[in-house]
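To start, the structure under review is shown below, and the notes come after it.
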Amino acid sequence: MERNGTQSPDCPGSFPYVFERFPLVSLSTDGENETSPQKNKTIPTGCMRSTVTFYLCYLLCLALGLACVVCVCLWNSRWRGGFAWDGSRLQFNWHPVLMVTGLLVLYGYGAVVYRVPLTWGQNKLPWKLLHAALMLGSLIMSILGLCAVFDFHNTNNTPNLYSLHSWIGITAIILFTLQWGVGFAGFLLPCSPVLLRKLLKPIHVWLGGSILLLTTAACISGINEKLFFVLKGNVTYSSIPAEGVLGNSLGALVVAFGLVVLKILSTIQWQRPDSRPGDIAYTPLQDEND
Numbered sequence: 001m002e003r004n005g006t007q008s009p010d011c012p013g014s015f016p017y018v019f020e021r022f023p024l025v026s027l028s029t030d031g032e033n034e035t036s037p038q039k040n041k042t043i044p045t046g047c048m049r050s051t052v053t054f055y056l057c058y059l060l061c062l063a064l065g066l067a068c069v070v071c072v073c074l075w076n077s078r079w080r081g082g083f084a085w086d087g088s089r090l091q092f093n094w095h096p097v098l099m100v101t102g103l104l105v106l107y108g109y110g111a112v113v114y115r116v117p118l119t120w121g122q123n124k125l126p127w128k129l130l131h132a133a134l135m136l137g138s139l140i141m142s143i144l145g146l147c148a149v150f151d152f153h154n155t156n157n158t159p160n161l162y163s164l165h166s167w168i169g170i171t172a173i174i175l176f177t178l179q180w181g182v183g184f185a186g187f188l189l190p191c192s193p194v195l196l197r198k199l200l201k202p203i204h205v206w207l208g209g210s211i212l213l214l215t216t217a218a219c220i221s222g223i224n225e226k227l228f229f230v231l232k233g234n235v236t237y238s239s240i241p242a243e244g245v246l247g248n249s250l251g252a253l254v255v256a257f258g259l260v261v262l263k264i265l266s267t268i269q270w271q272r273p274d275s276r277p278g279d280i281a282y283t284p285l286q287d288e289n290d
């Protein structure tokens with residue numbers, strides 16, 4: 001597929017021929033030969049800085065996500081007694097683990113797949129499929145997390161969906177389900193019209209970021225709610241016990257992870273060149289070659 005050009009003020013040059021090891025280089029629109037040997041030897045300082053910054057943010061994203069998963073698993077295994085699927089409180093412990101791991105971390109990882117520069121200039125189809133697979137895995141884990149908490153509530157005659165945390169969380173999952181279904185139909189099915197894809201793209205991107213914000217809010221409110229419930233007996237939350245420190249630390253990691261993912265998603269220079277504003281091109285699935 002032929003690409004149109006976009007220009008970046010701090011990172012001139014041609015893509016993907018220049019700076020292949022650090023490929024955060026936008027397409028040139030100056031009419032020069034993009035395969036010029038002299039041009040290929042030029043490594044703009046701005047490009048290197050932008051690339052290094054991206055990879056630092058990306059590694060931070062991976063590390064923060066892993067830290068979130070470790071913390072939520074440690075909290076529910078060491079302080080909350082472990083896991084089961086028998087309607088007891090041990091079944092409830094699956095809820096925060098599955099939600100943080102699936103709806104937050106795996107979702108965030110799937111959202112930034114297209115930003116990795118090493119994927120640029122390659123066939124886009126495998127990365128579309130990876131993006132869809134990560135999001136599907138995230139959705140499945142989220143639904144299992146809902147099943148865990150609803151089954152626990154029903155077994156113990158506890159009302160469902162009565163808290164602000166539950167309202168935010170269920171809204172995020174409903175939107176996520178619609179987002180994945182429409183995204184699959186619009187961007188992966190070969191019969192999807194090109195015009196429909198162009199119309200869906202900005203909505204898909206905006207809604208993806210909005211779901212991440214809702215998920216972050218749901219995680220924070222859920223952590224706080226859980227700490228108040230479990231630390232209202234002999235050990236009070238205000239005394240900052242070890243479990244409270246871990247819960248607060250998990251909340252801080254969740255916020256940090258969400259902010260880093262949003263930073264990666266919102267930086268124009270880090271977007272895949274063929275997905276930047278003014279340079280969006282679509283092809284049927286079977287003809288996807290970029």
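Numbering (the numbering used here), first residue to last: 1 to 290. We treat Cβ as the ideally placed atom computed from N, Cα and C, and that holds for glycine. Bear in mind the structure is a predicted one, so any value in this text is a computation, not a measurement.
Exercise for review: State the Cα-Cα distance for the pair L130 and A218, rounded to the nearest angstrom.
Suggested key: 26 angstroms
**Study point:** C-alpha gap between V194 and F184, whole angstroms
**Key:** 14 angstroms
Review point. For N236, which beta-bridge partners are listed by DSSP?
Key: Reading off the sequence shown, one finds Thr at residue 236, where the question assumed Asn. DSSP lists K232 as the bridge partner or partners of T236.
Exercise for review: Answer with buried or exposed for W94, where buried requires no fewer than 16 other C-beta atoms within 10 angstroms of its C-beta.
Suggested key: Counting of Cβ neighbours within 10 angstroms places W94 among the buried residues, the total reaching 16 or more.
**Study point:** Supposed close pair I211, F187 - CB separation, criterion 8 angstroms
**Key:** About 16 angstroms; that fails the 8 angstroms criterion.
Check your understanding: Below 8 angstroms between beta carbons: does that hold for G108 and C61?
Key -> yes
Check your understanding: Does DSSP put L227 in a helix, a strand or coil?
Key -> helix
Exercise for review: Within its chain, find whatever has a CB closer than 8 angstroms to the CB of V260; leave out the 5 residues flanking it on each side and keep chain order.
Suggested key: C57, L60, C61, L64
Practice item. Give the DSSP-derived three-state secondary structure of L161 in the structure shown. Key: coil
Point to revise | For P96, the nearest candidate out of G121, K128, S166 (CA to CA) | key: Checked all of G121, K128, S166; the closest Cα to P96 is S166.
Exercise for review: Would you check if there are 3 or more beta carbon pairs closer than 8 angstroms linking the region 148-163 to the region 110-119?
Suggested key: no
Point to revise | Euclidean distance between Cα positions of F257 and L66 | key: Straight-line Cα distance between these residues: approximately 10 angstroms.
Point to revise | Straight-line Cα distance separating V230 from S239 | key: 13 angstroms
Check your understanding: Comparing alpha-carbon positions, which option in R197, K128, G208, N157 lies nearest I174?
Key -> Ranked by Cα distance from I174, the options R197, K128, G208, N157 are led by G208.
Check your understanding: With a CB to CB cut of under 7 angstroms and the five nearest residues on each side skipped, what residues in its chain are close to I223?
Key -> G247, L250, G251
Check your understanding: Mind checking whether C71 and L253 have CB atoms under 8 angstroms apart?
Key -> yes
Review point. Between W94 and chain D, is there a C-beta pair that is closer than 8 angstroms?
Key: Looking at the structure shown, chain D is missing, and only one protein chain is on hand.
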